[in-house]
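First the structure, in the form of structure tokens, and then the observations on it.
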Amino acid sequence: MNTLLCNLTRFGDLLQTQPVIHGLAERGVGVGLLCLENFAPATKLLSDLDYVCAFPGSRVLSLMDKDWKDALGFLDELKTSLRQEFPFDDVFNLTATMPVRLLTRFLSMGHVEGGRGFLLDDFGFSVSDNPWVSFLLASSKRRGVSPFNLVDLFWKVSGLPDAPRRFALKPPAPEDTRAAAELLRRSVEGFGTIPESENRYVALQMGASVDRRRWPVPHFAELAAALHAETGRIPVLLGAKGEAALGERFQKLYADMAPGAPLVSCIGKTNLTELAAVLLACDLLVSNDTGTMHLAAGLGVPVAAVFLATAQPWDTGPYRAGNVCLEPAMDCHPCAYGSECPRAEACRRAVGPRLMADLVRTRLETGAWPENMAQSGGTARIWETVSDDHHFMDLRSLSGHDSEDRTRWLRIQRETYRHLFDNGVFEAADLERIKKKLDAHNAATLSPENLAQLQAELTQAAQLFMLLTQQGRALASAPIESLKGKFLATFQRIQHLLESSEHLSVLGYLFASNSQEAGRDLDSILALTARYAACVDALTRIVHS
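Numbering (our numbering), first residue to last: 1 to 545.
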């Protein structure tokens, strides 16, 4: 059996499909990958791939501008050649956008029934083939309520059984290793020379997708100066050509902070496989939430990552146990996509360079991150990545933030939603197991203020779900207009209540999305209502304990 995996997203997201690719291959499935043309070189780092199709998105857009019929003809030729080179039996789409859903549907027509992941129905409406797909989309709407790592969501969306997820990228080729070694022998002009003896390096990735997700350059410079003075590590700057200005700013600051110290800059000088080789030559990477961070994790290079603005480690942290993630200890973090910051981006200054230097130095000297950083952390939450007993990536606080309401609520959602999506019903034994798991993290309850607010919302939601069920049953017996209006009004009240809730917004998005997919099938909507009512009841029992 052959599966075509469609992932037309960014570099980091592409790398994060590696565990799914390996999981499918391990079960005897041939795996083909459809990816964007500009990220096709990254597939050299992916193991267990049988076929790669580089999708020329810019060419398709150009043809669309000229004549849509030419674009359609080109896509038809692409489909034919793809089918000849990799005759797939199944399509698995990991890209939620409508264009890629359409492309997936087009590639499947006449060959594959259904598919997995983000799909379209026969009428062109979005449809999800399992609850994890819906959650992957819904959780992006409110950043603070996403307790699952993206790699784990990809795994669950794929339908693979719970098992260890192996995130192990291919090592770079010998020519890439030689190119990296040559780069690491050259210090930036005007800085100290690289000693002839064996050297130790720390890699720094200063760029990010947007500026507000970027740790300040002066912090990187101060960190590098401290690490060179205290451990002798030589800083290695990483980045694309477009990040050259960051490197220039760093050099000016570092020259004053560490006069005479050597400095290596690989900014704009490596392709993706050479970047992998440079990372493997370094003892550790300090990075923002970037594709480079995921590359290092997949290669087994230790990572200390900073998550600012919309970035948070619960869902996009490095997928390997033993790495460390830092984020601002601020109530507003993570912020919503597209929101204006009323605090002059104070989060960018919450993680101090001295704190980072202490963390990294301890890891370099002892092989482990320091424990009990509550006093040192101050304005930062510090997490170590660990694997849980379901093989999901989890976070362990090194700074005493496990007892925060935010952390506790993430854990409550994590256990409850995982059971809901996999099983759909909650037996008494299930609730007892979930409570025990939460008690182990001291996460079974919230502060009195938040608990009272959540209980009130859950009570109201339970009453509305009961009313919707009663109205639905009456409507099934007597489909009159007045009942239809009442049923719709109750449905809208539920959706508004859940989506406007700080705690339950994901349930609201999920309920609305799943109801739309159910369409006019009243029996399906009532079954869905029962499913979400059971979840509300489970949450009520858990947080009341």
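Cβ coordinates follow ideal geometry from the N, Cα and C atoms, glycine included. All figures in this text were calculated on a predicted structure; none of them were measured in a lab.
{"Query": "Given 8 Å, three or more beta-carbon pairs between the region 358-375 and the region 328-347", "Result": "no"}
{"Query": "Under the three-state DSSP convention, the category residue 424 falls into", "Result": "coil"}
{"Query": "Residues of its chain near residue 232, where Cβ-Cβ distance is below 8 Å and the 5 sequence neighbours each way are ignored", "Result": "200"}
{"Query": "Cβ-Cβ distance between residue 142 and residue 118 below 9 Å", "Result": "no"}
{"Query": "Pairwise C-alpha distance: residue 528 and residue 109", "Result": "29 Å"}
{"Query": "Own chain, CB closer than 6 Å to residue 420, minus 5 neighbours either side, in chain order", "Result": "535"}
{"Query": "Reduced DSSP secondary structure (H/G/I, E/B, other) of residue 100", "Result": "helix"}
{"Query": "Counterpart residues of residue 128 in DSSP-defined beta bridges", "Result": "118"}
{"Query": "Helix, strand or coil at residue 383 according to DSSP, with G and I counted as helix", "Result": "strand"}
{"Query": "Whole beta strand (DSSP E) elements within the region 224-262, 3-residue minimum", "Result": "234-238"}
{"Query": "Cβ pair residue 285, residue 306 closer than 9 Å", "Result": "no"}
{"Query": "Entirely enclosed beta strand (DSSP E) segments - the region 317-357, minimum 3 residues", "Result": "324-328"}
{"Query": "Identified DSSP bridge partners for residue 210", "Result": "DSSP output for residue 210 lists no bridge partner at all."}
{"Query": "Inter-residue Cα distance where the pair is residue 434 and residue 149", "Result": "19 Å"}
{"Query": "Pick from 336, 542, 369, 18 that is closest to residue 429, judged by C-alpha positions", "Result": "542"}
{"Query": "Helix, strand or coil at residue 399 [DSSP, three-state]", "Result": "coil"}
{"Query": "CB contact flag (residue 5, residue 34, <9 Å)", "Result": "yes"}
{"Query": "Rounded straight-line distance, which links the Cα of residue 401 to that of residue 352", "Result": "17 Å"}
{"Query": "Cβ distance (whole Å) where residue 570 is taken to contact residue 312 below 8 Å", "Result": "Not covered by the structure: residue 570. The range shown for the chain is 1 to 545."}
{"Query": "Rounded C-alpha distance that separates residue 530 from residue 332", "Result": "34 Å"}
{"Query": "Residues sharing a beta bridge with residue 495, DSSP", "Result": "Answer by DSSP bridge pairing: none, since residue 495 is not bridged."}
{"Query": "Nonlocal neighbours in the same chain, by C-beta distance under 6 Å from residue 212, ignoring five residues either side", "Result": "309, 345"}
{"Query": "Buried or exposed (CB count within 10 angstroms, at least 16 for buried), residue 496", "Result": "exposed"}
{"Query": "Which of helix, strand or coil DSSP assigns to residue 535", "Result": "helix"}
{"Query": "Beta-carbon proximity of residue 168 to residue 277, cut-off 9 Å", "Result": "no"}
{"Query": "Cα-Cα separation, residue 526 to residue 482", "Result": "18 Å"}
{"Query": "Closest by C-alpha distance to residue 298, when choosing among 269, 473, 166, 59", "Result": "166"}
{"Query": "Distance, residue 500 Cα to residue 445 Cα", "Result": "21 Å"}
{"Query": "Through-space distance from residue 37 to residue 63, alpha-carbon basis", "Result": "16 Å"}
{"Query": "Stretch-stretch touch, CB-based, cutoff 8 Å, three pairs: the region 256-263 with the region 183-203", "Result": "yes"}
{"Query": "Rounded Cβ spacing between residue 30 and residue 2 (contact assumed at less than 8 Å)", "Result": "4 Å"}
{"Query": "Sub-9 Å separation of residue 237 and residue 275 beta-carbons", "Result": "no"}
{"Query": "Cβ-based neighbour list, residue 417, same chain, cut-off 6 Å, excluding 5 preceding and 5 following", "Result": "none"}
{"Query": "Buried versus exposed, by CB contacts within 10 Å (16 or more), residue 226", "Result": "buried"}
{"Query": "Same chain, Cβ closer than 8 Å to residue 360, neighbours up to 5 away in sequence not counted", "Result": "202, 223, 227, 284, 286, 304"}
{"Query": "Residue closest to residue 422, alpha-carbon to alpha-carbon, out of 188, 266, 158", "Result": "158"}
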